[in-house]
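What follows is one structure encoded as structure tokens, with my remarks underneath.
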Amino acid sequence: MEIIKLNNVNFFYNLNSFEIKGISFSCPEKILIGLAGPNGSGKSTLLKLIAGIEKPKNGAILIKEKNLKEYKAVERAKILRWIGQNEIGKISYKVIEYLYLGTFPLKGYFGRITKEDKERAEYLLDYFYLSKKKDWEVENLSGGERKLLQIAFSLISSPEIMLLDEPFAHLDPIHLKALFNLIKKEKEKGITFIISSHEYNILKTISDYLLLISDGEMVCFDKPSNIKLDLWEKTFKIPFVKKESQDQLFPDIFS
Amino acid sequence: MGFKEDIVGVSAFCPLELPKVADVKINWEKLLKLKPNYVFMLNSQKTDKGIRILENLNIKYGIYSFNSLKNIPLCAMDIAEILGKKDLGKRYFNKFMDLIKNLPKIKEKKAIYVLWWEPLIVSTSSSYICETMALMGFEIYPKDEKTDFKKYSLENLFNLSLDIIFYSEEAGTIPKIIKDNFKTYPLPSSINRPNLSFINYFYNFKNENIFN
Amino acid sequence: MKISSTKLFIIFLLFFIATSLINLLIGPYPLLEGIFKKDSFAFQILLNLRLPNLLLAISSGILLSLSGGMFQSILSNPLADPYILGVSGGAASFILISNFLKIPQDFPYNSLIGFLGAVFNSFLVYFLSIKNGKLKTTRLLLTGIILNAFYSAIILFSMALLNKLDLNRFIFWMMGDFSSKTLKESTLFLILSIFFSLPPLIFHRGFDLISLGTETAHSSGLEVEKFLIFSYINASLLSALSVSFIGIIGFIGLIIPNIIRIFFTSEYKYLFPLSALCGAIFLVLSDMLTRFKYFQNVPVGAISAMIGVPFFIYILRKNGNN
Chain S
2 MEIIKLNNVN FFYNLNSFEI KGISFSCPEK ILIGLAGPNG SGKSTLLKLI
52 AGIEKPKNGA ILIKEKNLKE YKAVERAKIL RWIGQNEIGK ISYKVIEYLY
102 LGTFPLKGYF GRITKEDKER AEYLLDYFYL SKKKDWEVEN LSGGERKLLQ
152 IAFSLISSPE IMLLDEPFAH LDPIHLKALF NLIKKEKEKG ITFIISSHEY
202 NILKTISDYL LLISDGEMVC FDKPSNIKLD LWEKTFKIPF VKKESQDQLF
252 PDIFS
Chain P
2 MGFKEDIVGV SAFCPLELPK VADVKINWEK LLKLKPNYVF MLNSQKTDKG
52 IRILENLNIK YGIYSFNSLK NIPLCAMDIA EILGKKDLGK RYFNKFMDLI
102 KNLPKIKEKK AIYVLWWEPL IVSTSSSYIC ETMALMGFEI YPKDEKTDFK
152 KYSLENLFNL SLDIIFYSEE AGTIPKIIKD NFKTYPLPSS INRPNLSFIN
202 YFYNFKNENI FN
Chain L
1163 MKISSTKLFI IFLLFFIATS LINLLIGPYP LLEGIFKKDS FAFQILLNLR
1213 LPNLLLAISS GILLSLSGGM FQSILSNPLA DPYILGVSGG AASFILISNF
1263 LKIPQDFPYN SLIGFLGAVF NSFLVYFLSI KNGKLKTTRL LLTGIILNAF
1313 YSAIILFSMA LLNKLDLNRF IFWMMGDFSS KTLKESTLFL ILSIFFSLPP
1363 LIFHRGFDLI SLGTETAHSS GLEVEKFLIF SYINASLLSA LSVSFIGIIG
1413 FIGLIIPNII RIFFTSEYKY LFPLSALCGA IFLVLSDMLT RFKYFQNVPV
1463 GAISAMIGVP FFIYILRKNG NN
């Protein structure tokens, strides 16, 4: 089944400059799509469109073969969660209370936190080395920890699609590795990820499919191994060279 | 009327040395603490809540406003009647009317009564003091106002071709421009209270006294 | 804070009950003694003076601090306050204008007119802040501030034209006044207040999500636009109700929720009930002060601002880096 399908989607704030221009693609479920492109190419806007935060000016976005417009907010959030680039503000919630807030799509205004929710929260915190800090206030965590907590905030409701905008910023190798492992596990459980980043080497390694965009237009949508160097160059407008690095350090984050 | 010994509380504007239970508003709790049998108040001080309490406690009360001269003896009659001394009220009424009838007469003069200089606030012809002065022969400005005092401008004073400007002792300093151009005459603050003494004060008014 | 929020709520509740009882018992009249002696004066004072005052203080404390907390959440600005948004100015302007239209100025007319003015202001601010069908919260705040300046002009203009009695009454209303309402009226006020205060207490999770940012709230399944509009209307009604019954009591809406936020929690599940209790306690204490010698006949609004503002400045300076 095609879980996400975009059909000639356009978006602009004013007619002179298109943010997103005629993007169409469809993707099968349970895969990880890497969204790469230079700064200002429209990665964040595209994710916001799929998340329903911005509405396309024309074209259609189908989620599970139903137009995104027809979803009620709660129904949509059960299937699809989005994590923006912005950090959690300086809020004095306890880590655990903040996580429980993420269950809103399942619980609504009145639902109670159950034993399963608690287990799921413990599991996610454990994965991100945050178990010991569950009674801390969110604002006392480090930038990287807050980013991971944001991701856990969305994963706690077990959605079917996760849209992550630049999730790798601020993360040190050990937390990056934790994130990749979790993504792998959750993907196996059936979550489809779209992850935007300008860290194209990371994306290239972890993605099942890569979506390259430049100036709001789609350059290609293909398996990473199929994408030739010239498409990378076309996307980033700079020559690319492939070389075995001699003296740069690479932590082992993918194993 | 001779009830002075029976008064247990007064308003802040009253010179009697008794507990003050009101100013522009009544402090009901302080008032009730004195356990009065009768309560007399101004219309502007009355509240529905206060009246309800008085009625619940079976305390007799009277509500008055002194926005005209004739209200003063009428109010006295009413108070006397509530206190069960109707004859005292009648006697007061007659005395008051006699005093008014026999007020000294002044040759027709245009006058104004200033309550406060800065900002300029004047008593209008409908206030009881100005009514009294009108009975003496003064032509009092401003006329035909609904309220008993009014905000005014210095320039207005010059337009009226006044013979004299009366001002309250408590009105503050007289502006120089007024002192230089008009005949001015201070009135004691005691006349701002509605009782027999303010009429008695006007008995000392003679043309010679004021206009020399 | 090590103390759990539930425990904190119970402590606040006990404190609230204690201050309310003390409020009822303290004043110039020796009430306790009177009640034991079955003195009919004491019963009248309790029922018709102190109890209505207490109910008004409690209700307006709840209304103002809840509406402040709601505005701060939905406008994502901790400095938002019902009065900054022009609620009081709108009510005051309507009351003053109605004075000139010869509409009677006693209860319930003045309350209804004040209420209309406050609600009218909220709609005006709302519609002036919408551009291209989108509501920007910063614009909302600015519009409120500008309108407030306009109301000040209307108020000063009309006050110059008012006569003595009306002016007196208006000034007391402007400063917030508990003393003129009967037991029946204040009971009605309490019931209305509790009724309109229920939504924020029930739908607190929405406010939590909004405080994470509208986009995150949207992606978490909240109908953001609808929620913001309903909360805006709700918060406006709360402040309109308060201003129409007891006049203008400033700073509560600004100070109380911020104190709770700084010292205890920003979780709305606790922040709203704690603010409501704390607001009520604050006004009950202020009301009690008006019965002491040097504060007699000082309007409660003036007292609350006099205590509140220095306290708030102290807190701001102490927590400046947060």
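Residue numbers (our numbering), protein chains in the order written: chain S, 2 to 256; chain P, 2 to 213; chain L, 1163 to 1484. We put the beta carbon where it would ideally sit given N, CA and C, even for glycine. Computed from a predicted model, the values in this text were never measured in an experiment.
Assigned exposure category for residue i - 16 Cβ within 10 Å defines buried
i: L/Ser1398; result: buried
i: S/Cys276; result: Only positions 2 to 256 of chain S appear in this structure, which leaves residue 276 of chain S out of reach.
i: S/Gly191; result: exposed
i: S/Asp166; result: buried
i: L/Ile1173; result: exposed
i: L/Ser1359; result: buried
i: S/Gln249; result: exposed
i: L/Ser1404; result: buried
i: S/Val242; result: exposed
i: P/Cys76; result: buried
i: L/Asn1420; result: buried
i: L/Arg1331; result: buried
i: L/Arg1212; result: buried
i: S/Ala78; result: buried
i: S/Ile195; result: buried
Per-residue contacts from residue i into chain L (C-beta, under 8 Å)
i: S/Pro106; result: Ser1382, Gly1383
Distance CB(residue i)-CB(residue j) smaller than 8 Å
i: L/Asn1215; j: L/Asp1449; result: yes
i: L/Tyr1313; j: L/Ser1255; result: yes
i: P/Leu136; j: P/Ser124; result: no
i: S/Leu211; j: S/Asp223; result: yes
i: S/Glu138; j: S/Tyr94; result: yes
i: L/Ile1410; j: L/Gly1463; result: yes
i: L/Pro1461; j: L/Gly1338; result: yes
i: L/Ser1229; j: L/Leu1400; result: yes
i: S/Ala74; j: L/Gly1368; result: no
i: S/Glu121; j: S/Ile157; result: First, the amino acid is wrong: residue 121 of chain S is Arg here, not Glu. It is a contact, given that the beta carbons lie within the stated cut-off.
i: S/Asn8; j: S/Ala61; result: yes
Residue i, DSSP secondary structure in three states
i: S/Tyr124; result: helix
i: S/Met163; result: strand
i: P/Asn38; result: coil
i: P/Lys5; result: helix
i: S/Phe258; result: As shown, chain S starts at 2 and ends at 256. That puts residue 258 of chain S outside it, with no answer to give.
i: S/Phe111; result: coil
i: S/Trp83; result: strand
i: P/Met134; result: helix
Spatial distance of residue i from residue j (CA atoms)
i: S/Asn40; j: L/Leu1350; result: 60 Å
i: S/Asp136; j: L/Ser1167; result: 13 Å
i: L/Tyr1191; j: L/Gln1458; result: 13 Å
i: L/Met1321; j: P/Lys106; result: 40 Å
i: P/Lys71; j: P/Asn95; result: 12 Å
i: L/Gly1415; j: S/Pro57; result: 40 Å
i: P/Ile64; j: P/Pro37; result: 15 Å
i: S/Thr206; j: S/Pro225; result: 8 Å
i: P/Glu140; j: P/Asp88; result: 36 Å
i: L/Ser1428; j: L/Phe1413; result: 19 Å
i: S/Glu161; j: L/Ile1417; result: 43 Å
i: L/Phe1473; j: L/Lys1480; result: 11 Å
i: L/Ile1220; j: L/Gln1234; result: 21 Å
i: P/Tyr62; j: L/Leu1263; result: 32 Å
i: P/Glu170; j: L/Ile1207; result: 40 Å
i: S/Gly217; j: L/Leu1278; result: 50 Å
8 Å Cβ cutoff, residue i in contact with chain B
i: L/Ile1317; result: Looking for chain B here will not work: the only protein chains present are S, P and L.
Residues that residue i contacts on chain P, provided the C-beta gap is smaller than 7 Å
i: L/Ser1491; result: Any question about residue 1491 of chain L goes unanswered here, given that chain L covers just 1163 to 1484.
i: L/Ser1499; result: Limits of chain L in this structure are 1163 at one end and 1484 at the other, which puts residue 1499 of chain L out of reach.
i: L/Asn1325; result: Thr148
Chain L contact residues for residue i, given Cβ-Cβ distances below 7 Å
i: S/Ala122; result: Ordered by position in chain L, no residue passes the 7 Å Cβ test against S/Ala122, which lies about 15 Å from the chain.
i: P/Asn95; result: Neighbours of P/Asn95 on chain L: none; closest Cβ ~32 Å, over 7 Å.
8 Å Cβ cut-off: residues of chain P touching residue i
i: L/Gln1206; result: Leu33, Ile54, Asn57, Leu58
i: L/Pro1266; result: Near L/Pro1266 there are no residues of chain P at all, since even the closest Cβ is about 13 Å away, more than 8 Å.
i: L/Leu1274; result: Near L/Leu1274 there are no residues of chain P at all, since even the closest Cβ is about 16 Å away, more than 8 Å.
i: L/Asn1210; result: Lys50, Arg53, Ile54, Asn57
Heavy atom of the ligand FMN within 7 Å of residue i beta-carbon
i: P/Phe159; result: Looking for the ligand FMN in the displayed structure turns up nothing, as the structure carries no ligands at all.
Closer than 9 Å at the beta carbon, the chain L residues around residue i
i: S/Tyr110; result: Ile1364, Phe1365, His1366, Arg1367, Gly1368
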